[in-house]
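Engineer:
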DNA sequence: CCGAATTGCCAAAACGTTTTAGATCGCTAA
DNA sequence: TTAGCGATCTAAAACGTTTTGGCAATTCGG
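Residue numbers (this note's numbering), protein chains in the order written: chain Y, 1 to 404; chain W, 1 to 404.
(1) Among W/76, W/138, W/207, which one has its Cα closest to the Cα of residue 113 of chain Y?
(2) According to DSSP, residue 139 of chain W sits in a beta bridge with which residue or residues?
(3) Cβ of residue 192 of chain Y versus every heavy atom of the ligand HEM: is any distance shorter than 7 Å?
(4) Using the C-alpha atoms, what's the distance from residue 334 of chain Y back to residue 176 of chain Y?
(5) According to DSSP, is residue 149 of chain W part of a helix, a strand, or is it coil?
(6) So which of W/318, W/324, W/307 has the shortest CA-CA distance to residue 342 of chain W?
(7) Inspect the beta-carbon positions of residue 162 of chain W and residue 141 of chain W and report whether they are closer than 8 Å.
(8) Using the beta-carbon count (16 or more within 10 Å), is residue 169 of chain W buried or exposed?
(9) Measuring alpha carbon to alpha carbon, tell me which residue in W/45, W/171, W/298 is nearest residue 330 of chain W.
(10) For the stretch 268-280 of chain Y against the stretch 240-252 of chain Y, are there 3 or more C-beta pairs whose distance is under 8 Å?
(11) Would you list, in sequence order, the uninterrupted alpha helix (DSSP H) runs of no fewer than 4 residues that lie entirely inside the stretch 31-115 of chain W?
(12) Should residue 166 of chain Y go down as buried or exposed, given a rule of 16 or more other Cβ atoms within 10 Å for buried?
(13) How long is the line joining the alpha carbons of residue 54 of chain Y and residue 134 of chain Y, rounded to whole angstroms?
(14) Would residue 101 of chain W pass as an interface residue toward chain Y - the criterion being a Cβ-Cβ separation below 8 Å?
(15) Given a cut-off of 8 Å on the beta-carbon distance, is the pair residue 159 of chain W and residue 128 of chain W in contact?
(16) From W/345, W/321, W/312, pick the residue whose C-alpha is nearest to that of residue 339 of chain W; which is it?
(17) Just the C-alpha distance for residue 70 of chain Y and residue 157 of chain Y, rounded to the nearest angstrom, thanks.
(18) Could you spell out where the beta strand (DSSP E) holding residue 335 of chain W opens and where it closes?
(19) To the nearest angstrom, how far is the alpha carbon of residue 245 of chain W from that of residue 317 of chain Y?
(20) With 16 as the cutoff for other CB atoms within 10 Å, does residue 19 of chain Y come out buried or exposed?
(21) Where in the stretch 275-326 of chain Y do unbroken runs of the beta strand (DSSP E), each at least 3 residues long, occur, reported from the N-terminal end onward?
(22) Compute the Euclidean distance between the alpha carbons of residue 65 of chain Y and residue 56 of chain Y, then round it to the nearest angstrom.
(23) Relative to the C-alpha of residue 287 of chain W, which candidate in W/344, W/191, W/319 has its C-alpha closest?
(24) If you compare alpha carbons, which of Y/215, Y/202, Y/106 is closest to residue 196 of chain Y?
(25) Does residue 131 of chain W come within less than 8 Å of chain Y when only Cβ atoms are used?
(26) From the DSSP output, which residues share a beta bridge with residue 257 of chain Y?
(27) For residue 186 of chain W, which option in W/259, W/78, W/314 has the closest C-alpha, if you only look at C-alpha atoms?
(28) Can you name, in chain order, every residue of its own chain whose Cβ lies under 6 Å from the Cβ of residue 97 of chain Y, other than the five neighbours on each side?
(29) Taking all protein chains shown into account, decide if residue 30 of chain W is buried (16 or more other Cβ within 10 angstroms of its Cβ) or exposed.
(30) Using a Cβ-Cβ cutoff of less than 8 Å, which residues in the same chain neighbour residue 222 of chain W once the five nearest sequence positions on both sides are dropped?
(31) How would you list, in chain order, the residues of chain W whose beta-carbon sits under 8 Å from the beta-carbon of residue 233 of chain Y?
(32) For residue 332 of chain Y and residue 109 of chain Y, I'd like the C-alpha separation in whole angstroms.
(33) Ignore the nearest five residues each way along the sequence and tell me which others in residue 296 of chain Y's own chain have a CB closer than 8 Å to its CB.
(34) Can you tell me which of W/326, W/25, W/62, W/123 puts its alpha carbon nearest to the alpha carbon of residue 45 of chain W?
(35) If you measure from the beta carbon of residue 119 of chain W to each beta carbon in chain Y, is any gap under 8 Å?
(36) Between residue 132 of chain Y and residue 184 of chain W, what straight-line distance do the alpha-carbon atoms span, to the nearest angstrom?
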């Protein structure tokens, strides 16, 4: 008994290697490699011969051998926690679609794993030591996120979707959560609303915290008391349970407007509003952050909701562009602020609402100074909302140099 | 000018290798490897020394070297088409969550790529030749699917989520689409409904086609004309556009019941029903296939919808179990039929509906013979529907031997 | 006390690439 | 004539593991 484990017999199907190809053509493996990889020290005739032979035999270099010698995997790591049903988050799919599209264009793929231990960083550490990937995608950062600390120490490329205040020198892709929500609530207030419910995500995540801070700033700017806005938090990281939360919000009979942190909750909430006997857009104003979730059909609500729209698909693409840049040219950190657009119904439908005075909407005052294409645009009517087919891909925003 | 491309300088951070560890301990690399891999021909004292040293130095074997020599990647490939917005399909996330959880438990990860060419098989072929993964996950098969043909020829492990009639010797995980929908429509008819709208997915996919066939069988069994059921197809592979399709369905004033192929469409359709002045569950019966999409909150409709529930999360897990089995022990193909449960409101709420006669529900006659735990269960009230937190993981069903 | 079995370890081969550092050959310029 | 040079090609060394086959030393059975 010399060993305890036995090896499975190698699969019979023998694949073509570079050695076979060299033998077949009477060339050295060096030449094959260099011909296929576009080096200039191989004759044009030879190169054509090699390429043709590779094509007909279907030769493809073994990726693991290549990875081993080149110390590069051409794969990005994406590790998600398995808990809280967070995996089934619809926002995730949208980002994922963008990530995968852009990754494919750059000839990368994405290695996915579920973090199963309490220690959030264990799998990251392992993937780094095993050289499984070239870089990481980090999402949903929390204040003082240990993953960022680890990756900075390890010196591995990574991009955070979102931002976190504790660390500074890292790459991120984000929207101006604080500014957007300051503007949104500001518009509501300036339209005459005096009691507003804000149904936010889980504020232990930075993005939701920033949104709340933005709301607070809008109040402070106008010397209004905190009670003007009642904040309700979803237990789900990205916001669900919209039905229940809306029911809670409606308990306050004086509330004339609801602001949602995600369109899922906004749509879910419609049932609760209807059940309460009110009608959205007439008895109560509804505004929401719209992340362009491709399968949340907002078109039935196009004349009811005001919203701020930003593309998660584009964010996913921007994340990959940044990762590729870090891995292939310049490892210095960059932040990318994604654009957002305001689509506001006139006066947030304030006319006729109890407790409001008719006033022109004045969306987007302040907070958007550093976001040119994010500058609020007012539109009377929501266009392009139907989900008939492929959405156009937005340009991935613009770059912001991080201060040193 | 000897080469056209330049190599990036190696990253300074030098990682610990097995050689370093051997040197440090005064042992051969063979011993390190065998100690760490649990072979019995290394002394217990030595083994402890090695394990301790590996722990303190944080040594982890280079995964690419390991893959190269072992001819095994411990990764499964999942390739999706980038088109049609199919990527953002919410059903996908649910399966994905299950796949990743099970994969993690077996120490696999998932390599993801987007198929960007028209040729659906190109990337598969490439991944096989490059030995990038140990096996594949195939989803949404279409009749005579070229991917299955390719993978069978290549002799690579793979599991199809769904089934396809043309090929036989392959592994699959599926529900009994045909039997379930035969039973569902049968129950509707037997409850007295004489005009039914069936809002199905895209019938160029096998799963939707099977469902339609099942519906047809229910009619044939009862000698009813095809017009009894009006079929409307979503352009989206897995079913969306529920609002518009429901509006179409409601044009038929005599229709007393709507059957949805997915809960997304069912929920979307609610707005259309409400807008038409009818009330679901009173003026019109609603039944749906419920794939337990974690973020489609069905609880507001718990007393309105009848449904058949099956867990995509469990399906994802079953897929991985099957892949692991194929890769690590027995490569012969197995089919796994996932269980489903009927949750029927009494009589499908037929009482008081125009054009129906009161009749007891008789769900699930026929079609379920080979699906023991899929045998319809009737429940008066839908329980456990709220989405408060983690869903329990269902057992992955039972095995069905494929005929030879 | 001797041969055989067992225990604990190791050198070297293999996995399939890329890259380094030449080697060869014909041509040109001095 | 020859040194130099450009154009092609290649042998060998990496990359970091696992596995094969074997070698000592120790223990054991008789």
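C-beta: ideal position from N, C-alpha, C; glycine also.
Structural biologist: The answer reads as follows:
(1) Position 113 of the first chain, counted from the first residue, corresponds to residue 113 of chain Y. Nearest option by C-alpha distance: W/76.
(2) Along the second chain, one-based indexing puts residue 139 of chain W at 139. Bridge partners of residue 139 of chain W: W/161.
(3) No copy of the ligand HEM appears in this structure; indeed no ligand is present at all.
(4) Counting from 1 along the first chain, the entry for residue 176 of chain Y is found at position 176. Counting from 1 along the first chain, the entry for residue 334 of chain Y is found at position 334. Their Cα atoms are separated by approximately 15 Å.
(5) For the purposes of this step, residue 149 of chain W is identified with residue 149 of the second chain, where counting begins at 1. If DSSP states are grouped into helix, strand and coil, residue 149 of chain W belongs with the helices.
(6) Along the second chain, read from residue 1 onward, the residue named residue 342 of chain W stands at position 342. The option with the nearest alpha carbon to residue 342 of chain W is W/307.
(7) Working through the second chain from its first residue, we reach residue 162 of chain W at position 162. Working through the second chain from its first residue, we reach residue 141 of chain W at position 141. Yes. Within cutoff.
(8) As a first step, residue 169 of chain W is located in the second chain; it is residue number 169 there, counting from the start. Flag for residue 169 of chain W reads exposed.
(9) Looking up residue 330 of chain W in the second chain gives position 330. Per the Cα distances, W/171.
(10) Counting Cβ pairs under 8 Å, three or more are found: they touch.
(11) 44-57, 63-70, 90-105
(12) Translated into the one-based positions of the first chain, residue 166 of chain Y becomes position 166. The residue in question, residue 166 of chain Y, is exposed, as its Cβ has fewer than 16 Cβ neighbours within 10 Å.
(13) Within the first chain, the letter at position 54 stands for residue 54 of chain Y. Within the first chain, the letter at position 134 stands for residue 134 of chain Y. Those two C-alpha atoms are separated by around 28 Å.
(14) For the purposes of this step, residue 101 of chain W is taken as residue 101 along the second chain, with counting starting at 1. With 8 Å as the cut-off, residue 101 of chain W counts as an interface residue toward chain Y.
(15) Numbered from its first residue, the second chain carries residue 159 of chain W at position 159. Numbered from its first residue, the second chain carries residue 128 of chain W at position 128. Going by C-beta atoms, residue 159 of chain W is not nearer than 8 Å to residue 128 of chain W.
(16) The residue labelled residue 339 of chain W in the question sits at position 339 within the second chain. It is W/312.
(17) Working through the first chain from its first residue, we reach residue 70 of chain Y at position 70. Working through the first chain from its first residue, we reach residue 157 of chain Y at position 157. C-alpha separation (whole angstroms): 17 Å.
(18) Position 335 of the second chain holds residue 335 of chain W. Note, residue 335 of chain W: beta strand (DSSP E), 335-337.
(19) As a position in the second chain, residue 245 of chain W is number 245, starting the count at 1. As a position in the first chain, residue 317 of chain Y is number 317, starting the count at 1. The alpha-carbon atoms of residue 245 of chain W and residue 317 of chain Y are separated by roughly 32 Å.
(20) Sequence index remark: in the first chain, residue 19 of chain Y carries index 19 (1-based). Counting Cβ neighbours within 10 Å, residue 19 of chain Y comes out exposed, since fewer than 16 surround it.
(21) As far as the stretch 275-326 of chain Y is concerned, its whole beta strand (DSSP E) runs of at least 3 residues are 285-290, 305-309.
(22) Within the first chain, residue 65 of chain Y is the residue found at index 65, counting from 1. Within the first chain, residue 56 of chain Y is the residue found at index 56, counting from 1. Cα to Cα, residue 65 of chain Y sits roughly 22 Å from residue 56 of chain Y.
(23) Here residue 287 of chain W is taken as the residue at index 287 of the second chain, counted from 1. Each of W/344, W/191, W/319 was checked against the Cα of residue 287 of chain W, and the nearest Cα belongs to W/344.
(24) By 1-based counting over the first chain, the position of residue 196 of chain Y is 196. Per the Cα distances, Y/215.
(25) By one-based count along the second chain, residue 131 of chain W stands at place 131. Cβ-Cβ to chain Y under 8 Å: yes for residue 131 of chain W.
(26) Position 257 of the first chain, counted from the first residue, corresponds to residue 257 of chain Y. Per DSSP, Y/196, Y/285.
(27) Taking the first residue of the second chain as 1, we reach residue 186 of chain W at position 186. Ranking the options by Cα distance to residue 186 of chain W, first place goes to W/259.
(28) Residue numbering aside, residue 97 of chain Y sits at position 97 when the first chain is read from its first letter. 313.
(29) Within the second chain, numbered from 1, the residue matching residue 30 of chain W stands at position 30. Per the 10 Å Cβ criterion, exposed.
(30) Taking the first residue of the second chain as 1, we reach residue 222 of chain W at position 222. Contacts found: 186, 189.
(31) Within the first chain, residue 233 of chain Y is the residue found at index 233, counting from 1. Those within 8 Å of residue 233 of chain Y in chain W number zero; the least Cβ separation is about 14 Å.
(32) For the purposes of this step, residue 332 of chain Y is taken as residue 332 along the first chain, with counting starting at 1. For the purposes of this step, residue 109 of chain Y is taken as residue 109 along the first chain, with counting starting at 1. If I take the Cα positions, the gap works out to 22 Å.
(33) Taking the first chain and counting its residues from 1, the one referred to as residue 296 of chain Y is at position 296. Within the same chain, residue 296 of chain Y has close Cβ partners 90, 263, 264, 267.
(34) Taking the second chain and counting its residues from 1, one reaches residue 45 of chain W at position 45. Of the candidates W/326, W/25, W/62, W/123, the one whose C-alpha sits nearest the C-alpha of residue 45 of chain W is W/25.
(35) Translated into the one-based positions of the second chain, residue 119 of chain W becomes position 119. Output row for residue 119 of chain W: interface = no.
(36) As a working mapping, residue 132 of chain Y is identified with position 132 in the first chain. As a working mapping, residue 184 of chain W is identified with position 184 in the second chain. Roughly 47 Å separates the two Cα atoms.
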